[in-house]
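The next block holds one structure in the form of structure tokens; read it before the comments.
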Amino acid sequence: LEIGKRGGIKVDRTLKTSNPNIYAVSDAIEVIDYINGNPTLIPLAGPANKQGRIAANNICGIPEKYEGTQGTSILKVFDMTVAATGNNEKLLKRLNIPYEKSFTHSS
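Numbering-wise (the numbering used here), the sequence shown opens with residue 21 and increments by one.
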């Protein structure tokens, strides 16, 4: 199977690999970053679950495409909820993508 630049298995939008008889999903594959359009590895359970359903549909002849992943994480620690989504500042600078940033502090 063809391996991508980031070290994951390369798949097309239907999650088919370089071997037309093999589909791949989850942490093993490179996905398209929803923000910058580049291949990346985003090992999250939610996208992996969706990829599994899409691959199963395609195997069963129900055409469906995976449009990419936006890395989003949410964590609750006691009474505080912390979330992050999208690309970090370092990556956006490297890719020369304009961005805005915001820091929110709860009282």
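Where is the CB? At the ideal position from N, CA and C, for every residue including glycine.
{"query": "Run through the region 52–108 for me and flag every whole beta strand (DSSP E) of 3 or more residues, listed as ranges in chain order.", "result": "92–97 and 100–105"}
{"query": "So, under 8 angstroms CB-CB, residue 107 and residue 56 are touching, yes? Tell me the CB distance rounded to an integer number of Å.", "result": "6 angstroms"}
{"query": "Please state whether the Cβ-Cβ distance between residue 42 and residue 88 is less than 9 angstroms.", "result": "no"}
{"query": "Pull up the distance between the alpha-carbon of residue 113 and that of residue 105, whole angstroms please.", "result": "16 angstroms"}
{"query": "On the CB-based measure, 16 or more other CB atoms within 10 Å of its CB, does residue 91 come out buried or exposed?", "result": "buried"}
{"query": "For residue 103, does the count of other Cβ atoms within 10 angstroms reach 16, so buried, or fall short, so exposed?", "result": "exposed"}
{"query": "What's the gap between the Cα of residue 72 and the Cα of residue 54?", "result": "18 angstroms"}
{"query": "Can you tell me which of the three DSSP states residue 36 falls into?", "result": "strand"}
{"query": "Which residues does DSSP pair with residue 43 in a beta bridge?", "result": "36"}
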